[in-house]
Amino acid sequence: MKTTQNISDPAAWHRTLCHINNWLAVCGDLDTTRPEIGKAQLQAWIDEGITDIIDLRGEWSDENFVATYAPEINYHYLGTHDDGGWQEDEWFEAGLNAIRTVQELGGKAVVHCHMGVNRAPSMAYRMLLDSGHDHIEALELIRDARPIAGIIYAPAAISHHLRSNGVDGLTATERKVQVRNWLNDNPVDLYWVISRIRQSES
Numbered sequence: 226m227k228t229t230q231n232i233s234d235p236a237a238w239h240r241t242l243c244h245i246n247n248w249l250a251v252c253g254d255l256d257t258t259r260p261e262i263g264k265a266q267l268q269a270w271i272d273e274g275i276t277d278i279i280d281l282r283g284e285w286s287d288e289n290f291v292a293t294y295a296p297e298i299n300y301h302y303l304g305t306h307d308d309g310g311w312q313e314d315e316w317f318e319a320g321l322n323a324i325r326t327v328q329e330l331g332g333k334a335v336v337h338c339h340m341g342v343n344r345a346p347s348m349a350y351r352m353l354l355d356s357g358h359d360h361i362e363a364l365e366l367i368r369d370a371r372p373i374a375g376i377i378y379a380p381a382a383i384s385h386h387l388r389s390n391g392v393d394g395l396t397a398t399e400r401k402v403q404v405r406n407w408l409n410d411n412p413v414d415l416y417w418v419i420s421r422i423r424q425s426e427s
């Protein structure tokens, strides 16, 4: 079981770059409210091999900041909501288009939202499914790399993946149930995680 019990300080994970594999990492956002810290964080991403940023925040964009201080980075803005509901197919499609380009060019992307708890891990999950990972293995890879990952949009991601690949009927139903069961069996206390991160920002 991969639960919140394994996390002692959620805020310490907020802006920790978590490598999933050689072409994908997940993180929270750049601290552009404190430019010197944001610039140092951006340089650290570059030093760790990041060539592309995939920003999923509907509420903010660092495109100008990145263009100013790291113009060599490719910036993909795919902003969306974080209301806990459903993510649209078009959002996942845009993410897949971006990461396929990164892979074709031999780069490495950091996928991030504000806290790196739900939107970014969920998009990373969809990307792993696209690359051939098993639907449960992919969840475990993300949680192992980033223990604060709630991945609450994973049901939308697996649904999009199955429909995109023509998987329906009993097989599709079983896999969607397995994903929901995994999330239920490996819970993250999102209220506690998010509140600790917000507290550290105040």
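Residue numbering for the sequence shown follows my numbering, starting at 226 and increasing by one per position. We put the CB at the ideal spot given by N, CA and C, even for glycine.
- Around the C-beta of tryptophan 248, 16 or more other C-beta atoms lie within 10 Å, and the residue is accordingly described as buried.
- Your pair alanine 382 and serine 347 checks out as a contact, with CB atoms roughly 6 Å apart and the cut at 8 Å.
- By the 16-neighbour rule on beta-carbons within 10 angstroms, glutamine 312 is buried.
- The Cβ atoms of leucine 281 and valine 336 lie closer than 8 Å to each other.
- Across the set Arg259, Asn390 and Lys264, the C-alpha of Asn390 shows the shortest separation from the C-alpha of serine 356.
- Taking all protein chains shown into account, valine 402 has fewer than 16 neighbouring C-beta atoms within 10 Å of its C-beta and is therefore exposed.
- With 16 or more other CB atoms across the displayed protein chains lying within 10 angstroms of its CB, leucine 354 is buried.
- When Cβ pairs closer than 8 Å are counted between the two stretches, the region 291-311 is seen to touch the region 269-279, the count reaching three or more.
- Going by C-alpha positions, threonine 398 is about 23 Å away from isoleucine 367.
- With 16 or more neighbouring CB atoms inside 10 Å of its own CB, valine 342 falls in the buried class.
- Histidine 239 sits in a helix when the DSSP states are folded into three classes.
- Judged by beta-carbon spacing, isoleucine 232 lies beyond the 8 Å limit of alanine 349, meaning their Cβ atoms are not closer than that value.
- Threonine 258: not part of any beta strand (DSSP E); DSSP gives it neither H nor E.
- In this structure, isoleucine 373 places its C-beta atom within 8 Å of the C-beta atom of valine 418.
- DSSP places arginine 405 inside the alpha helix (DSSP H), whose first and last residues are 394-410.
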